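Protein chains in written order, with the working numbering: chain A, 863 to 1156; chain B, 863 to 1156; chain C, 863 to 1156; chain D, 863 to 1156.
Data block below; observations after.
4 protein chains.
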Amino acid sequence: MGREARVPKKARSLFSRIGKKRAVMKRDVGAELDVEITAPTTLEFQIAVAPQPGAEVTESLAFVLNGKEIPLADVREISGDHGNRIHTFDVKEGNLKVSYSATVVGQSEPAPLRDIDLSTYLRPSRYAEADKFFGFAATEFGDLADSSTLLEKVSSWVGTRLSYVPGSSDPIDGAADTLLAGAGVCRGYAHLVIALLRAVNVPARLVSVYAPGCHPMDFHAVGEAFVDGQWRVVDATCLAPRQSLLRIATGRDAADTACLDNHKGSINLNNMTVTATVDGDLPRDSLEELVSIR
Amino acid sequence: MGREARVPKKARSLFSRIGKKRAVMKRDVGAELDVEITAPTTLEFQIAVAPQPGAEVTESLAFVLNGKEIPLADVREISGDHGNRIHTFDVKEGNLKVSYSATVVGQSEPAPLRDIDLSTYLRPSRYAEADKFFGFAATEFGDLADSSTLLEKVSSWVGTRLSYVPGSSDPIDGAADTLLAGAGVCRGYAHLVIALLRAVNVPARLVSVYAPGCHPMDFHAVGEAFVDGQWRVVDATCLAPRQSLLRIATGRDAADTACLDNHKGSINLNNMTVTATVDGDLPRDSLEELVSIR
Amino acid sequence: MGREARVPKKARSLFSRIGKKRAVMKRDVGAELDVEITAPTTLEFQIAVAPQPGAEVTESLAFVLNGKEIPLADVREISGDHGNRIHTFDVKEGNLKVSYSATVVGQSEPAPLRDIDLSTYLRPSRYAEADKFFGFAATEFGDLADSSTLLEKVSSWVGTRLSYVPGSSDPIDGAADTLLAGAGVCRGYAHLVIALLRAVNVPARLVSVYAPGCHPMDFHAVGEAFVDGQWRVVDATCLAPRQSLLRIATGRDAADTACLDNHKGSINLNNMTVTATVDGDLPRDSLEELVSIR
Amino acid sequence: MGREARVPKKARSLFSRIGKKRAVMKRDVGAELDVEITAPTTLEFQIAVAPQPGAEVTESLAFVLNGKEIPLADVREISGDHGNRIHTFDVKEGNLKVSYSATVVGQSEPAPLRDIDLSTYLRPSRYAEADKFFGFAATEFGDLADSSTLLEKVSSWVGTRLSYVPGSSDPIDGAADTLLAGAGVCRGYAHLVIALLRAVNVPARLVSVYAPGCHPMDFHAVGEAFVDGQWRVVDATCLAPRQSLLRIATGRDAADTACLDNHKGSINLNNMTVTATVDGDLPRDSLEELVSIR
């Protein structure tokens, strides 16, 4: 029996109602990467979905170097905060093919609440440098009282101020650069949202997700803000319904959620293909609604 | 009897008219600086008013090192663009007292128009880094058609977004820093105005001025923008009437107009007192009016 | 009689040895803060020493608002990563006096080793923006093979390149600003060390500490780098012996270790006094030695 | 027969000598640009060589819009500081082809000396933000006494610290970004040289040039510093002999010397081809020599 069946009929923010009674959500996601390693290095991948307590996950992951699968014994899975899963190993020169796929049936419980997170996610971070934004954010949003109004205003403000322009930002650009440039991709939108929210005292963080319906399809990044006692997703790009996002990694900003980190050596990412679908129609989304990643 | 009483009531933009009979403006300005020189250096002062063609200027300038006046033969006056006057000399350790005073009767002709200025003052500069603002300025002001509307909008936008907070900015802060901090002094206001105007294709530059009525009294800095075929002053701080500003130095930003530059050595500015008065009542100013520095 | 006199002469790196009989170190530390609260706010303090497993800690902590002690029931202690302890509460306007003191007998076990830390502390952070330094660090230090050599070189490079100048940096300055300015305080030294180490693939983080022998006495900040399988302290300021440092908070940079954070309201820190002493002579320190915080 | 063969063998620094009989240098330079104009705009070109007093210049310049030559009456030549020549006109949508060629026989007199330049070119500018470098430059070069030694040291320091990497920098990057990235193109090399020289009190500016022998052939940018009473060229890229550089535009940094500036509209530069040759062998260059652009 699905979770929704247990809740009163008038529950407004029903997570992804399609029609009325709905089936259990089923999501299929995956990623294929083709990486050229030109100097030996240590790689870290964050492409596997976070633990989904309450849902059922089936997944597969394979790393093939120069045509030969790397034994799983040589791949370490490091578990970080929020259930982040890092797959890491050393590699020599050559061509690396990465295949990940997962099927998630049902939705997970909402993100757990921890006191320390409310402190950590008010702090300025590398790409969401909230301490630079205190003056600007206070002028623009400072007289809005409650955090759910702030969430909606900041989200629509960022959404209308920025243009979505692939290739418009550098990897080392932060939220201040994005504000001035007036353009970015999902990462830039999310960093600006997060920096502004923190600057007006709303804890906010970044989540990398699989995003059914996202176009162009790619790894997606959204904000997650602490509003009304819950972590709520905020996506100023409006590129995908928030109800079917599937959490990969959670952290302060893109420094914590990179799908691929390379230490020491030298690599080229030849190709990357991401897939994410939901069984049945995509959920309908509307900006006024408060939604949690599940 | 006040100055305003002497002119016909409907003559609102009195000081931008030429060729009409009107009361002659008389301004007295001056500056006293007390500088500790702790290592031998070359100093540059830009405290003398620019040439005022059409007006009558009487002035005096003295540099006293350790109680002894530096002979004028040892002080070079370098003439820069726009009539900027730099007084420069080498000094040893000791205490330097600087006294400048000028009386200006009448008003000068408006700033001359040169083609090259319209090009130069669209360029980004050290503290008015317009190239960082293209996206932001286009979103905020981009659909305003004419430059006189832009002048008024940018001026009031900056004036309402920033708080005037003495000590709120570093000497190396530029317009982007000021925008984010939401606070600054006259220099920061002017740099932000200039950067935004240039970013929407209005040539704009910085002018250091003596500003009768300014409170707190100090060297003042304002923007000057090319609007409707003239250089018009824009002062988002609204600290002093624009009609009685007296031009000192003109340039791209504060890098060109510093009242005191120190090369090589080491100095402390112990004290600085600026005076600026206009004979009779202060002119009345209103934001809608286009005013030139004269 | 001094502590050094009691131990065999050849035991140079005394404090990093475990399992040998040695004099027990006794440290007394404390802090008094006087804070003016001008608008109601939530405060967070990180002034209490971290848990010291293996040592004996006696401590006291009191918050007095307008002459009346805040009941401990109203003060929450939030426990963060690495045993960081945040004391937080809401306050109205008024004068807040904070008193903390602790006596630590013996030394704690070295910082525990966790896989995730080796990943987290390679990432760029707000004030140790390692991603900006890849090119610079590779040129300056890139051909040094092992991490203990890197630790020594980076530490002495930063120590000789920077001048210790109180008041030389802004709260929003990061390691790049400090490198260019050529000056900073302990926070700036530590951020630059950390950014450079991360940029050459040595995991590094910031630790706020009580520092017996530090002059001027204040909360001190040092780097901690993962070298030869241990977290080793690196203090390019050389202001205090590393052997008697006492850990308060550990994190990515000063954003994680601030002794006082203010959310929402408005405060002034009227006064702050820090004390830190070690019973007997101060340990002797030398740059070649690898030392852990204990 | 090559040029070198015609002169006595021991005349090494041939082109910096004045008053000796020598072969007349003949340079042929040119540029072809293909620009797509997607929204009406005002364009500014700085591709014509600066006036060459003492040499003989033959040149041609044509702008062809959608297959039809723009009458020269519609193209204004604005004359800026240092003889900079800006060709400007309004254009509608379409395809613009630009052809410039010049033949210069003989060498011009060295750049004239003006007091104001020695002041202007010590100031920080948009991309050569010398005020950020005071601390760093003083530590790295501060104890070098004379400006010719500084010129050589700064030039070779920058040349060995940076990697020449096409595409490595953004148009809005300044010297500080280049220092940290450790990479750039000619513009970045020149900006870093200029910022460092100004920071140690050597006046320095940027010159865009045609550079016979440069590989890859393109518009080139070099520094020009005031050393031993003359403006001397400094090119840390060492991509072309300094003796045969041909001056186009001179200014504070790339903001003053852009080959193409676009105001208001929207353009794409489809293609650009630059040619620059010297009749006979290329001059030989060596870092120790002081060379002026002529």
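For every residue, glycine included, the Cβ atom is placed at its ideal position computed from N, Cα and C.
Being a predicted model, the structure only gives us computed values, none of them experimental.
Query raised in the report: Going along chain C, which residues have a C-beta under 7 Å from D:A1000?
Result: G1044
**Report entry** Environment of B:K1126 [buried if 16+ CB atoms lie within 10 Å]
**Finding:** exposed
Query raised in the report: At a CB-CB cut-off below 8 Å, which residues of chain C make contact with D:K1015?
Result: Within 8 Å Cβ-Cβ: nothing; D:K1015 doesn't reach chain C, min ~16 Å.
Query raised in the report: Hey, would you say D:V919 sits closer than 8 Å to D:V886, going by beta carbons?
Result: no
Query raised in the report: Which residue spans inside the segment 1012-1086 of chain B form an unbroken alpha helix (DSSP H) run of at least 4?
Result: 1037-1043, 1048-1061
Query - chain C contact for A:N1130 (CB, 8 Å cutoff) - result: no
Query raised in the report: Can you name, in chain order, every residue of its own chain whose Cβ lies under 8 Å from the Cβ of B:D1141, other than the five neighbours on each side?
Result: R865, M887, K888, R889, D890
Query raised in the report: Would you say C:G892 reaches chain D, if we count a Cβ-Cβ gap shorter than 8 Å as a contact?
Result: no
Query - Residue-chain proximity (B:K883, chain A), Cβ-Cβ < 8 Å - result: Residue placement at B:K883 is flagged as unreliable, the pLDDT there being 47, under the threshold of 50; the coordinate-derived value follows with that caveat. No, because no Cβ of chain A sits closer than 8 Å to the Cβ of B:K883.
Query raised in the report: Buried or exposed: which applies to A:K975, given that a residue is buried once 16 or more other Cβ atoms fall within 10 Å of its Cβ?
Result: Reading the sequence as shown, one finds Leu at residue 975 of chain A and not Lys. The residue is exposed, with fewer than 16 neighbouring Cβ atoms inside 10 Å.
Query raised in the report: the segment 1106-1123 of chain B: which residues have C-beta closer than 9 Å to a C-beta of chain A, in chain order?
Result: none
Query - Where D:V960 falls: helix, strand or coil (DSSP) - result: strand
Query raised in the report: When burial is assigned at 16 or more other CB atoms within 10 Å of the CB, is C:L1131 buried or exposed?
Result: exposed
Query - Cross-chain neighbours of B:L1006 in chain A, by beta carbon under 8 Å - result: The contacting residues do not exist; B:L1006 stays about 16 Å from chain A at best.
Query raised in the report: Which residues in the same chain as B:V1020 place their Cβ atom closer than 8 Å to its Cβ, once the five residues preceding and following it in sequence are excluded?
Result: Y1051, L1054, V1055, L1058, A1098
Query raised in the report: Do you know offhand how far A:V1136's Cα is from A:I948's?
Result: 18 Å
Report task. Say whether chain A places a C-beta atom closer than 8 Å to the C-beta of C:K1126. Result -> yes
Query raised in the report: Assuming C:I1110 and C:S1070 make a contact with CB atoms under 8 Å, what is their CB distance in whole Å?
Result: 4 Å
Query raised in the report: Is the distance from the Cβ of B:V1027 to the Cβ of B:A1045 below 8 Å?
Result: yes
Query raised in the report: Would C:G945 pass as a contact of C:P972 if the rule is Cβ separation under 8 Å?
Result: no
Query raised in the report: Interface residues of chain B around D:G942 at Cβ under 8 Å?
Result: I978, S981, T982
**Report entry** Buried versus exposed call for A:T1022 [16 or more other C-beta atoms within 10 Å across all chains shown]
**Finding:** exposed
**Report entry** Neighbour-count burial assignment, D:D1035, 16 or more Cβ in a 10 Å radius
**Finding:** buried
Requested in this report: State yes or no: is the beta carbon of D:R1023 nearer than 8 Å to at least one beta carbon in chain C?
Outcome: yes
Requested in this report: Could you say which of C:L1042, C:A917, C:S1106 lies nearest to C:A1073 if we only look at CA atoms?
Outcome: C:S1106
**Report entry** 9 Å Cβ cut-off: residues of chain B touching D:N1063
**Finding:** T904, H1125, K1126
Query raised in the report: Along chain A, in chain order, which residues have C-beta atoms closer than 9 Å to that of C:K994?
Result: I1034
Query raised in the report: Is D:F995 helix, strand or coil by DSSP?
Result: coil
Query - Short CB-CB distance (under 8 Å) between C:L1041 and chain D - result: yes
Query raised in the report: Can a CB atom of chain B be found closer than 8 Å to the CB of D:R988?
Result: yes
Query raised in the report: Is B:L1149 closer than 8 Å to B:P1103 when the C-beta atoms are compared?
Result: no
Query raised in the report: Helix, strand or coil for D:I932 per DSSP?
Result: coil
Query raised in the report: Can you name the start and end residues of the alpha helix (DSSP H) that B:S1106 belongs to?
Result: Counting along the chain, B:S1106 falls outside any alpha helix (DSSP H), and DSSP gives it neither H nor E.
**Report entry** Residue range of the unbroken beta strand (DSSP E) whose run includes C:D890
**Finding:** 888-901
**Report entry** First and last residue of the uninterrupted beta strand (DSSP E) at D:A1138
**Finding:** 1128-1140
Query - C:G1113 - DSSP class collapsed to helix/strand/coil - result: strand
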